[in-house]
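Novice: Here's a structure for you.
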Amino acid sequence: MAKYTVSVMEASDLASVVKVIRGVSPLGIGEIKKRIGTSNPVVEFDTGSFPPGTGYEKGVPDQQEKITEFLSSLAAAGGKAVVMHRAGQISEIVSPEMLNNLFESELIHLSQEHD
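Numbering of the sequence shown is given in our numbering, commencing with residue 7 and proceeding in unit increments.
Structure representation (structure tokens):
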């Protein structure tokens, strides 16, 4: 599955943005504030990482939804995010449309694996 990191380039309401990030990031408030406005990620998501006992058919879409909800909440709080897709040694910035396409590709790949 895939890993995604999120950097916050701007925060019009710093307190609200930090609150959203703290909901999913293990970083402390001070470290989050230092990373906002830089390319240093504030959170990492792995669509292949989910609770034990959860199968890929449920776990991957749940992780994708978690990412989507985080990005929506971040935008609503006044944060401007940059999402980086990390595939092995290759990293690339992805647009919201490309992120959706990557999610769809993951789900198609999963369904083909289990046919």
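Glycine included, each C-beta is placed from N, C-alpha and C at the ideal position.
Quick check on the DSSP output: the alpha helix (DSSP H) that includes T11 runs from which residue to which?
Specialist: Counted from its first residue, the sequence shown places residue 11 at position 5. Counting along the chain, T11 falls outside any alpha helix (DSSP H), though it belongs to the beta strand (DSSP E) covering K9 to A17.
Novice: By DSSP's criteria, F51 is part of a beta bridge. Which residues make up the other side?
Specialist: Locating residue 51 in the sequence shown gives position 45, counting from the first residue. Its beta-bridge partners are Y10.
Novice: Anyone know if the C-beta pair for V89 and Y10 falls short of 8 angstroms?
Specialist: Against the sequence shown, residue 89 aligns to sequence position 83. Against the sequence shown, residue 10 aligns to sequence position 4. Yes, the pair counts as a contact, with Cβ atoms nearer than the cut-off.
Novice: For D19, tell me which candidate among S45, T74 and L80 has the shortest Cα-Cα distance.
Specialist: Counted from its first residue, the sequence shown places residue 19 at position 13. For D19, the nearest C-alpha among the options comes from L80.
Novice: Between F76, Q95 and T60, which has its C-alpha nearest I22's C-alpha?
Specialist: Against the sequence shown, residue 22 aligns to sequence position 16. It should be noted that the sequence gives Ser, not Ile, for residue 22. For the residues F76, Q95 and T60, the minimum Cα distance to S22 belongs to F76.
Novice: Can you give the Cα-Cα distance for S111 and Q70, rounded to whole angstroms?
Specialist: The sequence position of residue 111 within the sequence shown is 105, counting from 1. The sequence position of residue 70 within the sequence shown is 64, counting from 1. Cα to Cα, the separation comes out at about 12 angstroms.
Novice: Output needed for R28: all residues of its chain with C-beta closer than 8 angstroms, excluding positions within five of it in sequence on either side, in chain order.
Specialist: In the sequence shown, counting from the first residue as 1, residue 28 sits at position 22. The answer, listed in chain order, is I35 and I38.
Novice: To the nearest angstrom, how far is it from the Cα of R41 to the Cα of V100?
Specialist: Translated into the one-based positions of the sequence shown, residue 41 becomes position 35. Translated into the one-based positions of the sequence shown, residue 100 becomes position 94. Roughly 19 angstroms between the two C-alpha positions.
Novice: Around the Cβ of I73, are there at least 16 other Cβ atoms within 10 angstroms (buried) or fewer (exposed)?
Specialist: As a working note, residue 73 is residue 67 in the sequence shown. I73 should be labelled buried.
Novice: Helix, strand or coil for S22? Go by DSSP, reduced to three states.
Specialist: One-based indexing of the sequence shown puts residue 22 at position 16. Of the three classes helix, strand and coil, the one that applies to S22 here is helix, per DSSP.
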